[in-house]
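Okay, structure first, notes after.
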Amino acid sequence: MKTAGLIALSAISLGMAATVTAEDALHRQHEAHQHGVVEWHIAQDGDVLLVEITAPGADVVGFEHAPENNEQANLIHQAEEKLAAVAGLFSINASADCNLIEHKIAQTLMEEHDAHEGHDHSAHGHDDHHDDHDSHDKHIDEHDDHNDHTGHDHHDDHGQEGSHGEFSAQYTFNCNNPAEIKTVTTNWFDTFSTTEKITVQALTDKGVVAGDLSPAARSFTF
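And the structure:
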């Protein structure tokens, strides 16, 4: 998955990863590209609780390609702000007394946009370099004409069709009563209404547990 290199799993989540079989990993990877399916990984180590979320761009902003205009870029920034506001996404049962101490938000859509812009800049630089060389003018004109037609359009279409932009969020909590960690209740479906299901994998001091959340079933019990 693209987001695997963007947010490194902390040491407390490595134990959870070790409990997952290769078949399960492939299954989750397949689901990650399904619109409407979001992944949660939860891991506990003593009084520290880590929650990691991976969501398709389509669920969060309605598209998975690089932003094509300012409106789409603004949607991405607004989504990052929503993901940073953990109270609007989920809550841990109050008796555990868990307090957010750190969060990290990442997405791959703007990275695709930045890479594309960088490529365009290089192309223009190439043209400028040859402006004073008459022997290359014809070649440049032909190259530009080619880019202005179907080949260039095909490249753009292919890039959008092949894009699977994602959002990732990592939240680290310190829990004063870790033995009381019992449930996580989500408001995700209110904030991102196109999500149909959240798959949850959790490793706590109580053991390993997995399950699904939906608009009709919003609480996960450890």
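If you read the sequence shown in my numbering, its first letter stands for residue 871, the second for the next number, and so on.
Cβ coordinates follow ideal geometry from the N, Cα and C atoms, glycine included.
| request: Can you grab the Cα-Cα spacing for the pair residue 1042 / residue 964, in whole Å? | output: 16 Å
| Residue from 1062, 1068, 1046 and 974 with nearest C-alpha to residue 918 | 1046
| task | Take residue 921 and list the residues in its own chain whose beta-carbon comes closer than 6 Å to its own, dropping the five residues that flank it on each side. | result | 912 and 1041
| task | Quickly, what does DSSP pair residue 922 with across the bridge? List them, please. | result | 911 and 1040
| query | How many angstroms separate the CA atom of residue 1018 from the CA atom of residue 935? | reply | For residue 1018, the pLDDT reaches just 47, beneath the cut-off of 50, and the residue's location in the model is therefore unreliable, leaving the point undetermined.
| field | Nearest-angstrom Cα separation, counted from residue 932 out to residue 977 | value | 14 Å
| query | Starting from residue 1060 and walking both ways along the alpha helix (DSSP H), at which residues does that stretch end? | reply | 1058-1061
| task | Please name the residue in 1044, 1034, 1037 and 1074 whose C-alpha comes closest to that of residue 1052. | result | 1074
| task | Kindly indicate the opening and closing residues of the alpha helix (DSSP H) around residue 942. | result | 940-954
| Chain-order list of residues whose beta-carbon lies under 6 Å from that of residue 972 (same chain, five-residue window excluded) | 1042
| task | For residue 948, count neighbouring C-beta atoms within 10 Å of its own C-beta (all shown protein chains included) and say buried if the count is 16 or more, exposed if not. | result | exposed
| said: Among 1060, 950 and 1055, whose alpha-carbon lies nearest the alpha-carbon of residue 1070? | reply: 1055
| query | By DSSP, does residue 1080 sit in helix, in strand, or in coil? | reply | strand
| said: Assuming residue 1070 is part of the beta strand (DSSP E), what are its boundary residues? | reply: 1067-1074
| request: Please state whether DSSP places residue 959 in a helix, a strand or coil. | output: coil
| field | residue 972 (DSSP reduced to helix, strand or coil) | value | strand
| said: With the cut-off set at 9 Å, would you say residue 1062 and residue 1076 are in Cβ contact? | reply: no
| field | Residue from 981, 944, 1049 and 1060 whose Cα sits closest to the Cα of residue 967 | value | 1049
| field | Assumed close pair residue 923, residue 908 - CB separation to whole angstroms, cut-off 8 Å | value | 7 Å
| query | How many whole angstroms separate the CB atoms of residue 1038 and residue 1066, which I take to be in contact at a CB cut-off of 8 Å? | reply | No, residue 1038 and residue 1066 are not in contact; Cβ-Cβ is about 19 Å, not under 8 Å.
| Rounded to whole angstroms, how far is the Cβ of residue 937 from the Cβ of residue 979, which I believe are closer than 8 Å? | 7 Å
| Three-state secondary structure (DSSP) at residue 931? | coil
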